[in-house]
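Each remark here refers to the structure printed beneath this line.
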Amino acid sequence: MQSPQVCFPKFPVDQIANRILFLRQITRIDQHLFMSALLGKALLSVEEQNLVEQIYQGLHRGWIKVVE
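Each residue of the sequence shown is one higher than the one before, counting from 53 in my numbering.
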């Protein structure tokens with residue numbers, strides 16, 4: 053028996069990233085939405101690349117918390 057697949061709605065990369073940066077936390081759902089939005093694009097704009105870098109740095113430096 054296959055496990056059910058969860059379909060996440062499509063949101064723009066900047067909308068998800070700005071939410072994460074504003075709340076200074078990322079949930080598992082945020083992570084899935086963010087990755088889905090990123091992987092669904094052929095190319096990222098410079099703005100989107102900057103947002104990804106800000107989230108990476110925030111996680112690395114402890115400015116963004118991972119919550120469940």
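Even for Gly, the Cβ is constructed at its ideal location relative to N, Cα and C. Nothing here was measured: the structure is a model prediction, and the numbers come from that model.
According to DSSP, residue i sits in a beta bridge with which residue or residues?
i: residue 78; result: 118
Give the secondary structure of residue i by DSSP, where H, G and I count as helix, E and B as strand, and everything else as coil.
i: residue 86; result: helix
i: residue 92; result: coil
How close, in whole Å, do the beta carbons of residue i and residue j come, if the pair is a contact with beta carbons under 8 Å?
i: residue 89; j: residue 63; result: 6 Å
Report whether the distance from the Cβ of residue i to the nearest heavy atom of the ligand GTP is below 7 Å.
i: residue 120; result: Absent from the structure shown: the ligand GTP. Ligands present: none.
The stretch 108–118 / the stretch 90–98 touching (three or more Cβ pairs under 8 Å): no
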